[in-house]
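Printed below as a string of structure tokens:
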């Protein structure tokens, strides 16, 4: 059975994690962009169709269909694809220590970058009510996270672990991409030059550009 990744119709950074990992591993993944949050799940046909729910009990995307069954949560999906060729690609590290470091930075990207950015961006686009004080608090959290990342990259590191692209970089870059393209303007990111250098280096790699395309620097906003 071929791997099928189902995601939303619009740009989906969570799907990109898996697609980029698949490019590095040489794994074929069919990408089906059929789901619209708040639209697809409200239709009569969707609600009566138990096939999607049988693939994913949470009813959200992305979801990867495999011969063993469905997998949900973007980091888990990307990790599954990265491990299909064993340790040959080193996306998951070449030692136990590297593996744990990769896990560490994936968790950091999710908790300290992604979760803050979602709240920040969603207040800007009207999903959540806008509150200036709340935004300032979120910006403070984001600056703390970027400062920690900037410090880690201080020894002129090009990548997070082991001097090469790993799954940690794929997850981190996709999560940072959400901020760099929506709310994190140059006035903010310039305070963290090693993070800027890291991000533009990673997203400039061919396997990233294939899905992320050309990224324009955000001038306005915070």
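In my numbering, the protein residues as written are 1 to 222. Ideal Cβ placement from N, Cα and C applies to all residues, glycine included.
Exercise for review: Give every residue of the same chain whose Cβ lies closer than 6 Å to the Cβ of residue 161, excluding the five residues on either side of it in the sequence, and list them in chain order.
Suggested key: The residue labelled residue 161 in the question sits at position 161 within the chain shown. Excluding sequence positions up to five before and after residue 161, its CB lies within less than 6 Å of the CB of 98, 101, 102 and 168, all in the same chain and listed in chain order.
**Study point:** Identified DSSP bridge partners for residue 66
**Key:** The count along the chain shown starts at 1 and reaches residue 66 at position 66. 69.
Exercise for review: Please list, in chain order, all residues of the same chain as residue 198 whose beta carbon is under 6 Å from its beta carbon, the five residues on each side excluded.
Suggested key: Translated into positions along the chain shown, residue 198 becomes position 198. Once the five neighbours on either side are set aside, the close Cβ partners of residue 198 are 153.
Review point. Rounded to whole angstroms, how far is the Cβ of residue 147 from the Cβ of residue 192, which I believe are closer than 8 Å?
Key: Translated into the one-based positions of the chain shown, residue 147 becomes position 147. Translated into the one-based positions of the chain shown, residue 192 becomes position 192. For a cut-off of 8 Å, the C-beta gap from residue 147 to residue 192 is around 7 Å, short enough to register as a contact.
Review point. Under a three-way DSSP split, which group does residue 41 fall into?
Key: By 1-based counting over the chain shown, the position of residue 41 is 41. Residue confidence is low: residue 41 scores 49 on pLDDT, short of 50, so the model does not pin down where it sits. Its coordinate-derived value is still stated next. In the structure shown, residue 41 sits in a helix (DSSP, three-state: H, G or I).
**Study point:** Residue range of the unbroken beta strand (DSSP E) whose run includes residue 4
**Key:** Residue mapping note: residue 4 aligns to position 4 of the chain shown, counting from 1. For residue 4, the enclosing beta strand (DSSP E) starts and ends at 3 to 8.
Practice item. Assuming residue 121 contacts residue 177 (C-beta within less than 8 Å), just tell me the rounded distance between them. Key: The sequence position of residue 121 within the chain shown is 121, counting from 1. The sequence position of residue 177 within the chain shown is 177, counting from 1. Incorrect: roughly 12 Å between the Cβ atoms, too far for contact.
Exercise for review: Sort 114, 94 and 22 by Cα distance to residue 172 and report the nearest one.
Suggested key: If you number the chain shown from 1, residue 172 lands on position 172. Closest option to residue 172, Cα to Cα, is 114.
Exercise for review: Report yes if the CB atom of residue 93 is closer than 8 Å to the CB atom of residue 166, and no otherwise.
Suggested key: For the purposes of this step, residue 93 is taken as residue 93 along the chain shown, with counting starting at 1. For the purposes of this step, residue 166 is taken as residue 166 along the chain shown, with counting starting at 1. The criterion of a C-beta distance shorter than 8 Å is satisfied by residue 93 and residue 166.
Check your understanding: Pick from 23, 142 and 33: whose alpha carbon is nearest that of residue 256?
Key -> Within the shown structure, residues of the chain are numbered from 1 to 222, placing residue 256 beyond reach of any answer.
Review point. How long is the line joining the alpha carbons of residue 143 and residue 67, rounded to whole angstroms?
Key: Indexing the chain shown from 1 puts residue 143 at position 143. Indexing the chain shown from 1 puts residue 67 at position 67. Cα to Cα, residue 143 sits roughly 42 Å from residue 67.
Check your understanding: Which residue spans inside the stretch 87 to 172 form an unbroken alpha helix (DSSP H) run of at least 4?
Key -> For the stretch 87 to 172, whole alpha helix (DSSP H) runs of length 4 or above, ordered along the chain, are 96 to 108, 115 to 124 and 132 to 152.
Exercise for review: Along the alpha helix (DSSP H) that carries residue 20, what are the first and last residues, could you check?
Suggested key: Residue 20 sits at position 20 when you count from the first residue of the chain shown. According to the DSSP assignment, residue 20 belongs to the alpha helix (DSSP H) that extends over 13 to 25.
Point to revise | residue 14 to residue 139 span [Cα, whole Å] | key: The sequence position of residue 14 within the chain shown is 14, counting from 1. The sequence position of residue 139 within the chain shown is 139, counting from 1. Answer to the nearest angstrom: the Cα atoms are 22 Å apart.
Check your understanding: In terms of residue numbering, what span does the alpha helix (DSSP H) encompassing residue 78 cover?
Key -> Taking the chain shown and counting its residues from 1, one reaches residue 78 at position 78. It spans 74 to 83 - the alpha helix (DSSP H) in which residue 78 sits, taken as one unbroken run.
Point to revise | Proximity below 8 Å, CB of residue 27 to CB of residue 85 | key: Position 27 of the chain shown, counted from the start, is the residue given in the question as residue 27. Position 85 of the chain shown, counted from the start, is the residue given in the question as residue 85. Between residue 27 and residue 85, the C-beta gap is smaller than 8 Å, which places the two residues in contact.
Check your understanding: By DSSP, does residue 202 sit in helix, in strand, or in coil?
Key -> If you number the chain shown from 1, residue 202 lands on position 202. Helix, per DSSP.
Practice item. Return helix, strand or coil for residue 214, following the three-state DSSP convention. Key: Start at 1 with the first residue of the chain shown, and residue 214 comes out as number 214. Correct three-state label for residue 214: coil.
Review point. Among all the DSSP beta bridges, which residues are the ones paired with residue 30?
Key: Position 30 of the chain shown, counted from the first residue, corresponds to residue 30. Its beta-bridge partners are 4.
Review point. Rounded to a whole number of angstroms, what is the C-alpha to C-alpha distance between residue 195 and residue 149?
Key: Stepping through the chain shown from its first residue, residue 195 is reached at position 195. Stepping through the chain shown from its first residue, residue 149 is reached at position 149. The straight-line gap from Cα to Cα measures roughly 7 Å.
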